[in-house]
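Residue numbers (my numbering): 75 to 231.
One structure is given here, and the rest of the page talks about it.
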Amino acid sequence: MRIRPITERDVPALVDDLWLPFAEEMAEIDEYDALAEDVAVRAHAIDYRREQLTDDDVETFVAEEGERLVGYTTVSYSDSPPVFARDAMAKVNDLYVAPDARGEGLGTSLLERAHEWGRERGCRRVSLSVHARNDAAQSCYESMGYETRYVKMDRPL
């Protein structure tokens with residue numbers, strides 16, 4: 075298993091094999107995360123991921139087994155608002171491991187690579203959001219020292 079930065083060539087496989095299945099799993103947890111029914115969703119998803127390749131403050135790492143992508147994480151850099159006495163923060167935006175590759179520590183390895191990227195950028199903390207009903211992900215994050223600091227809430231208007 076190898077973890078490396080994503081390349082342009084990887085983008086279609088990332089979208090098809092990992093990002094859309096991740097989104098489908100999140101939709102199963104909560105209908106709030108239902109996927110768009112637009113037939114152009116895949117093309118927009120590929121464009122979105124390709125645009126991130128040019129953003130110095132965003133990095134996606136993929137895990138590959140042979141020629142197959144089996145997991146990924148996306149991490150971004152964020153400066154602290156000047157009113158707070160905080161340093162810059164790395165934010166894990168996505169983390170997904172294909173179902174047949176789970177249980178082998180791959181999620182932990184991807185997170186550790188995201189942490190390393192944040193440290194390289196001068197970040198002193200890392201944050202992430204996890205669905206309130208995703209017990210497996212919460213357990214993984216807690217085992218790595220993550221703590222609940224905020225509770226995100228929303229409601230329909």
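The C-beta atom is built at its ideal place from N, Cα and C for all residues, glycine as well.
With distances taken from CA atoms, which of the options is nearest residue i?
i: Ser-183; options: His-205, Leu-169, Pro-230; result: Leu-169
i: Val-144; options: Phe-135, Ser-152, Tyr-151, Ser-150; result: Phe-135
i: Arg-78; options: Thr-222, Tyr-224, Leu-180, Arg-223; result: Leu-180
i: Asp-131; options: Ser-213, Arg-223, Phe-158, Arg-193; result: Arg-193
i: Tyr-224; options: Asp-209, His-205, Ser-213, Ala-210; result: His-205
i: His-118; options: Leu-94, Phe-158, Glu-221; result: Leu-94
Tell me which residues share the same chain as residue i and place their Cβ nearer than 8 Å to its Cβ, disregarding the 5 neighbours each side in the sequence.
i: Val-113; result: At Val-113 the pLDDT is 46, less than 50, meaning the model places this residue with poor confidence; the figure from the coordinates comes in the next sentence. Closer than 8 Å at Cβ, skipping near neighbours: no residue.
i: Asp-90; result: Arg-116
i: Ser-154; result: Arg-160, Asp-161, Ala-162, Met-163
i: Cys-197; result: Tyr-151, Asp-161, Ala-162, Met-163, Ala-164
i: Pro-98; result: Going by the sequence as given, residue 98 is Glu instead of Pro. Excluding sequence neighbours, Glu-98 sits near Leu-109.
For a quick check, are the C-beta atoms of residue i and residue j less than 9 Å apart?
i: Arg-207; j: Asp-104; result: yes
i: Tyr-215; j: Leu-231; result: no
i: Arg-83; j: Thr-147; result: no
i: Leu-88; j: Ala-172; result: no
i: Trp-191; j: Glu-133; result: yes
i: Ile-80; j: Arg-142; result: no
Looking only at its chain, what residues have a beta carbon closer than 7 Å to the beta carbon of residue i, apart from the 5 residues adjacent to it on each side?
i: Ala-101; result: Asp-107, Ala-108, Leu-109
i: Met-218; result: Thr-182, Leu-185
i: Lys-226; result: Ser-203
i: Gly-140; result: none
Less than 6 Å between C-beta atoms, sequence neighbours within five positions excluded: which residues of the same chain meet that for residue i?
i: Arg-195; result: Tyr-151
Could you tell me whether any non-hydrogen atom of the ligand FMN is closer than 8 Å to the CB of residue i?
i: Phe-158; result: With respect to small molecules bound, the structure shown includes none, and the ligand FMN cannot be examined in it.
How close, in whole Å, do the beta carbons of residue i and residue j come, if the pair is a contact with beta carbons under 8 Å?
i: Val-85; j: Ile-120; result: 6 Å
i: Glu-138; j: Arg-176; result: No, Glu-138 and Arg-176 are not in contact; Cβ-Cβ is about 16 Å, not under 8 Å.
(message) Going residue by residue through the region 162-216, where are the continuous alpha helix (DSSP H) segments of at least 4 residues, counting only ones entirely within it?
(response) 180-194
(message) Please give me, in chain order, every unbroken run of the beta strand (DSSP E) with length at least 3 that falls completely inside the region 112-143.
(response) 132-139
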